[in-house]
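With our numbering as the guide, the letters of the sequence shown map in order to residues 18 to 633. Positions of the beta carbon are idealized from the N, C-alpha and C atoms, including for glycine.
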Amino acid sequence: MVLSRYLNNLLLILLIAASFGDINAQGTTDDQLAAYYYREGSFDKAVIYYDRLYENNPSDDNYNYLLKCFLALEDYKSAEKLAENQVKKHPSTMRYKVDVGTIYNKSGDESKAEKEYSKIIKSLDKASVSQILELGKAFSEIDENQLALEVYYKGRKQVGKAYPFNFQIAQILGQQGNIEGMITEYLDVLEISTGYIQSVQNTLNRVIGFDEESKYNAILKEQLMLRIQKNPESDIYSQMLIWALMQQNKYEAAMIQVKALDKRNKEDGQRVVSLAKIAVNNYKYDVAIDGYNYLKSKGPNNYYYTESYIAMLEAMKLKVINSAYSESSINQLILEYQKALEEFGRRPSTSQLIVDFAHIKAFYQSKYNNAATQEAIELLQNGLSIPGLDDRQLAFTKIELADIYVLTGFIWDASLLYGQVEKKFKYDEIGFEAKLKNAKVFYYSGDFGWSEAQLDALKGSTSKLISNDALELSVFISDNTGLDTTTEALSIFSKSELMLAQHKYDSALYMLGLIESNFPGHELSDNILFQKAAIANDRGDYPLAIKNYMAVYEKYPSDILADNALIEAGRLYETALNDKEKAMGIYETILTEYSSSLFVVEARKRFRSLRGDFIQ
């Protein structure tokens, strides 16, 4: 294509190319010059190079940039000639035909443009799916959404269920604000194939959002309910409703639907198990308990009976210990465990059930019943003699028994058991856990050197939690033995921690008071405050616990305990005091002020759960 009208500029361009630094590098090519002038908005110069490039290589890129230059220069005749030439070369490519209509529009001849667009759409009678998609996309790109819809609707009539164009139509309807129509299109596609369900869910999740204020939630639910009523034999819309309810954090309603679907189809309960697990993960313990109890009611012959029974007890335990529990709630939990053990008996498959039962008796029921701790010890001692236990089951039982020995004051018996597990599982997480607990025993006893050596060996543990705990205690010992060569204050503090572990709260507080009176202004001040919070928490004085935890954060924001104190305060606001707003505020503080904290994952999860986000 010869562009004589632009040749007068050529000499000037060559002079600039020879003298202008940015484009004078050796090897400067036409495409570099073209791109440079296009970026600068010098379309009269860029057009010369793009014309030359297009002549030598009529690629899409060269065509598109040359067309843009003509349009920018309002040279509509050259633009039209270019587009028509492209159509002749590629008669089956729909977007070039749209370019011709676009040029008419740009030149002000809207009537001619409409005729051109109409002609293109009429030519679709024998078009392929790819041509229909291409034409619809081309119209959308020039904001001719109504024409794009016309193309897709015509395409739907032509190819039928082979390719329904629901996603393309829905996207345009959504852009136009027709949310009801958009949702209809997405749900209609499920009638063609249920295999689209994941794509539909992903798209709806992106465009609807599912927040509490969203008016679209009601539209989606209404449409789903109508479709469930019209198609009672189909499960797909029930599945969609369950999914939508879960996105809205409405787990109770979702569980009702899941159980109804399970009953209607006479299923084995797999859906119920899946939702119950998600409910536990979102701290919705009552929903999980309801689901597991439903499966338990199916009887021992159900495939999920035993799994659900044990999982129900775990959910019950989490509900109780993560709340402001009472003697009656603990006793009711104990009763449920007793029933389960009576039904299943003492065998390898119930060893973890026995461990959990003993833990509840020793660390919770013992606060109200002095005999509970000894009963827990006997449970575990008998549990160790169950025939057929594997090494891991024995290890978990020994660790729990050792924990209770620490509680009752038999710390060297505990150390012996921890040592056995550590020796058996030197390179396993359970062995690392035992080693950490054993290091704490020596810390309690005042043997800080041996304890620190064991803790240092754990810094490379594959468990982030164990390695972090080991690092914190190791640094704590190092800091306080270095500052106080007599280690007297640290010895008193470690004993106060042991007293707390043994539920001897008054003794623990007395020892903390000794440090405050004998070592005023000591480096342990923040730890003492944190310890007081932990004692109040263990005693059930949650307001005092929160007050002290927040004081740690406020007085020592740069201290290693600051994020620990915040997560503890957040948990108490959420679970014990049921103050959603304050809990969210604290979790947000962790996320913004302590982004590298070990508790970021938990804080984000709890924050999102309280906000109403769905967490798988």
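Selection from the options that minimises the alpha carbon distance to residue i
{"i": "Lys280", "options": "Ser314, Arg623 and Trp260", "result": "Ser314"}
{"i": "Glu610", "options": "Asn554, Asp576 and Asn318", "result": "Asp576"}
{"i": "Ser140", "options": "Gly172, Lys129, Ala179 and Lys123", "result": "Gly172"}
{"i": "Ala550", "options": "Thr425, Val569 and Asn485", "result": "Val569"}
{"i": "Gly400", "options": "Lys114, Leu589 and Leu370", "result": "Leu370"}
{"i": "Leu152", "options": "Phe182, Gln240, Ala261 and Arg556", "result": "Phe182"}
{"i": "Phe184", "options": "Ile159, Gln175, Ala155 and Gln218", "result": "Gln218"}
{"i": "Ala165", "options": "Gly177, Ile214 and Met111", "result": "Met111"}
{"i": "Asp407", "options": "Phe380, Asp420, Ser368 and Ser147", "result": "Ser368"}
{"i": "Ala419", "options": "Gly405, Leu70 and Gln391", "result": "Gln391"}
{"i": "Thr220", "options": "Met199, Ile245, Tyr82 and Ser231", "result": "Met199"}
{"i": "Ile377", "options": "Leu237, Asp205 and Val337", "result": "Val337"}
{"i": "Ser432", "options": "Tyr444, Phe459 and Ala379", "result": "Phe459"}
{"i": "Gln355", "options": "Leu396, Ile196 and Asn485", "result": "Leu396"}
{"i": "Glu197", "options": "Leu561, Asn81, Tyr170 and Ile236", "result": "Ile236"}
Three-state class that DSSP yields for residue i in the structure shown
{"i": "Lys457", "result": "helix"}
{"i": "Leu627", "result": "helix"}
{"i": "Pro365", "result": "helix"}
{"i": "Glu202", "result": "helix"}
{"i": "Thr110", "result": "coil"}
{"i": "Leu475", "result": "coil"}
{"i": "Tyr660", "result": "Nothing about residue 660 can be read from this structure; the chain reaches only from 18 to 633."}
{"i": "Lys171", "result": "helix"}
{"i": "Tyr300", "result": "coil"}
{"i": "Lys283", "result": "coil"}
{"i": "Phe227", "result": "coil"}
{"i": "Gln193", "result": "coil"}
{"i": "Tyr385", "result": "coil"}
{"i": "Asp639", "result": "With the chain represented from 18 up to 633, any question about residue 639 goes unanswered, as that position is not in the structure."}
{"i": "Ile632", "result": "coil"}
{"i": "Leu90", "result": "coil"}
{"i": "Asp307", "result": "helix"}
Other residues of its chain near residue i: CB distance less than 8 Å, five sequence neighbours each side excluded
{"i": "Tyr322", "result": "Leu312, Lys313, Lys315 and Gly316"}
{"i": "Val492", "result": "Ile577"}
{"i": "Leu90", "result": "Phe60, Asp61 and Val64"}
Sequence-distant residues of the same chain with beta carbon closer than 7 Å to residue i, five excluded per side
{"i": "Gln193", "result": "Asn162"}
{"i": "Ala586", "result": "Ile563, Tyr566, Met567 and Ile603"}
{"i": "Leu488", "result": "Lys476"}
{"i": "Ser614", "result": "Asp580 and Ile607"}
{"i": "Leu541", "result": "Asn497, Ala506, Phe510 and Ile532"}
{"i": "Ala518", "result": "Val423 and Leu424"}
{"i": "Ile186", "result": "Leu166, Tyr169 and Glu202"}
{"i": "Glu353", "result": "Leu330 and Met333"}
Cβ neighbours of residue i in the same chain (closer than 6 Å, five flanking residues each side left out)
{"i": "Lys454", "result": "Tyr435"}
{"i": "Leu546", "result": "Asn565, Ala568 and Val569"}
{"i": "Asn299", "result": "Ser626 and Ile632"}
{"i": "Lys247", "result": "none"}
{"i": "Gly118", "result": "Ala130, Glu133 and Tyr134"}
{"i": "Leu262", "result": "Ala270 and Ala271"}
{"i": "Ala332", "result": "Val297, Tyr302, Ala305 and Ile306"}
>> With a threshold of 8 Å, are at least 3 pairs of Cβ atoms found where one atom belongs to the region 127-136 and the other to the region 97-107?
In response: Counting Cβ pairs under 8 Å, fewer than three are found: no touch.
> Residue ranges of each alpha helix (DSSP H) run of no fewer than 4 residues wholly in the region 518-591, ordered along the chain?
Replying inline: Runs of the alpha helix (DSSP H) lying entirely within the region 518-591, each at least 4 residues long, are 522-535, 542-556, 559-572 and 579-588 in chain order.
> Hey, which unbroken runs of the alpha helix (DSSP H) at 4 residues or more fall wholly within the region 329-374?
Replying inline: Within the region 329-374, the runs of alpha helix (DSSP H) at least 4 residues long that lie entirely inside it are, in chain order, 344-361.
> What are the start and end residues of each continuous alpha helix (DSSP H) run of 4 or more residues lying completely inside the region 118-159, in chain order?
Replying inline: For the region 118-159, the full-length alpha helix (DSSP H) segments reaching 4 residues or more read 127-139 and 146-158 along the chain.
>> For the region 465-485 against the region 437-455, do three or more pairs of beta-carbon atoms, one drawn from each stretch, fall closer than 8 Å, so that the two count as touching?
In response: Counting C-beta pairs with one atom in each stretch, the region 465-485 and the region 437-455 have three or more that are closer than 8 Å, which means they touch.
>> Quick test of the definition: if touching needs 3 or more C-beta pairs under 8 Å, does the region 239-258 touch the region 271-278?
In response: A contact exists between the region 239-258 and the region 271-278.
>> Measuring CB atoms only, is the region 421-429 touching the region 440-447, in the sense that at least three cross pairs come out at less than 8 Å?
In response: Cβ pair count under 8 Å is below three, so no.
>> When you compare the region 517-524 with the region 533-544, are there three or more beta-carbon pairs, one atom per stretch, that lie closer than 8 Å?
In response: Output reads no: the region 533-544 does not touch the region 517-524.
> Any chance the region 460-472 sits against the region 591-607, with 3 or more Cβ pairs inside 8 Å?
Replying inline: These segments do not touch.
>> To test your reading of the DSSP string, which unbroken alpha helix (DSSP H) runs of 4 or more residues are found completely within the region 232-275?
In response: Taking only runs of at least 4 residues, the alpha helix (DSSP H) segments lying wholly in the region 232-275 are 233-247 and 253-264.
> In the region 398-451, which residue ranges form an unbroken beta strand (DSSP E) of at least 3 residues, counting only runs that do not cross its ends?
Replying inline: Restricting attention to beta strand (DSSP E) runs no shorter than 3 residues, the region 398-451 encloses none.
> Do the region 344-358 and the region 292-310 make contact, defined as three or more Cβ pairs closer than 8 Å?
Replying inline: By the Cβ test, the region 344-358 is not in contact with the region 292-310, since fewer than three Cβ pairs between them sit closer than 8 Å.
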